[in-house]
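Contents: one structure, followed by commentary.
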Amino acid sequence: MKQIFLSFFFILMHSHPGLAEDKTEIRAAIPEGLAPPLVFEKKGKYEGLVVDYVNALAEAMGRKASFSMVTHYRLNSYLLKGKLDILCYTSTVWDDAVGKHDFSKTLFIKREIILGPSPMPKKLSGLEGKTIGTILQYVYPSLDPYFESGKIKREDNVSEEGNLKKLNSGRIQYVVTDQIFIDYFRLDNPDITKNREEFFLRDYPIVCSVSRKGRVKKADLDKAITEIKTSGKLKAIFQKYGSSYID
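Taking my numbering as reference, the numbering of the sequence shown is continuous, increasing by one, and the terminal residue is 260.
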């Protein structure tokens, strides 16, 4: 009887694709802690800039995407094991899995800045003795030598939005952030840049990390990236959230 039941279950799974795992679905990772407009969670579903452009990439490949929020501690292990296929908000500048995963061509540029009271100094050394709002566990190549020496103090928060709220309320004077977050936060908080200046730190090419044991090939992903960039679809997604698109 048990053998008959198992045979029936096998036939049922293969005759109803909706009951079986969709092997064509792209399993995309979302790093925990990303702030709006990169990611929003509404009624158990993920939305936002990252979700929109990953969905656009999947569509360009004739596929669909699913999303999993993953802690920074687990991101690389999940990709290494093939539990997830892609992570499309990373950079070879800070990703410690270079050489272990494949990396796509550039999606867009993340422009890192310090926002603080005007006038801002012309050099980083002019911020010695100051405290700068940062994100927990984040690496800042331009600032880390100052943090490690104690010349500049870092004050960690769990999100970009949290830091900008602290800045807006006067609880901190300086934050390190990027143009995307400033643009989006300014939509509802137009005074965030009033009497403040931006200090340019550096540009980071944002790419997708591709699992070598996953369901996505780097060549296919690169082709999809070219398609959504040349068609203007990627720029339109940024405009939807009031954010600057830097190619």
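We put the beta carbon where it would ideally sit given N, CA and C, even for glycine. Everything numeric in this text was worked out from a predicted model, so none of it was measured.
Beta-carbon contacts of residue i that lie in its chain and below 7 Å, excluding the five residues immediately before and after
i, result
"residue 88", "42, 44 and 100"
"residue 246", "69"
"residue 52", "43, 59, 61, 63 and 64"
"residue 67", "41, 78 and 101"
"residue 231", "115, 117 and 223"
"residue 199", "205 and 206"
"residue 239", "none"
"residue 124", "191, 192, 216 and 259"
Strand pairing of residue i, partner residues [DSSP]
i, result
"residue 85", "Bridge partners of residue 85: none, in fact."
"residue 166", "144"
"residue 209", "130"
"residue 188", "128 and 146"
"residue 100", "42 and 222"
"residue 193", "Residue 193 pairs with nothing; no bridge assigned."
"residue 80", "41"
"residue 122", "218"
"residue 171", "None, per the DSSP bridge assignment."
"residue 65", "None, per the DSSP bridge assignment."
"residue 8", "Since the displayed the chain opens at 14 and closes at 260, residue 8 lies outside it and no answer follows."
"residue 106", "According to DSSP, which records beta bridges pairwise, residue 106 is partnered with nothing at all."
"residue 53", "60"
"residue 111", "114"
Contact with chain C by residue i, beta-carbon distance below 8 Å
i, result
"residue 116", "As a matter of chain content, chain C is missing from the structure shown, which is built from one protein chain."
Nearest to residue i (by Cα), restricted to the options the options
i, options, result
"residue 181", "206, 116, 110 and 82", "206"
"residue 218", "141, 208 and 118", "118"
"residue 136", "124, 122 and 155", "155"
"residue 149", "174, 130, 252 and 138", "174"
"residue 241", "52, 260, 95 and 227", "260"
"residue 151", "237, 84, 56 and 239", "84"
"residue 129", "108, 237, 177 and 114", "177"
"residue 235", "74, 162 and 257", "74"
"residue 251", "209, 120 and 163", "120"
Contact set for residue i: own chain, Cβ-Cβ below 8 Å, skip 5 residues either direction
i, result
"residue 126", "189, 190, 191, 192, 195, 211, 212, 213 and 214"
"residue 110", "89, 92, 93 and 222"
"residue 249", "none"
"residue 243", "none"
"residue 168", "144, 145, 146, 147 and 185"
"residue 37", "76, 77 and 228"
"residue 122", "216, 217, 218, 219, 259 and 260"
"residue 276", "Outside the shown range of the chain, which is 14 to 260, sits residue 276, and nothing can be said about it."
"residue 233", "74"
Beta-carbon proximity list for residue i, same chain, < 6 Å, skipping 5 on both sides
i, result
"residue 185", "146 and 179"
"residue 82", "43 and 45"
"residue 103", "222"
"residue 107", "152"
"residue 97", "40, 42 and 91"
"residue 202", "181"
C-beta contact flag for residue i and residue j at 8 Å
i, j, result
"residue 229", "residue 105", "no"
"residue 48", "residue 172", "yes"
"residue 142", "residue 226", "no"
"residue 50", "residue 257", "no"
"residue 254", "residue 197", "yes"
Near the ligand FAD: residue i beta-carbon under 7 Å from a heavy atom
i, result
"residue 199", "As far as ligands go, the structure on display features none, and thus does not contain the ligand FAD."
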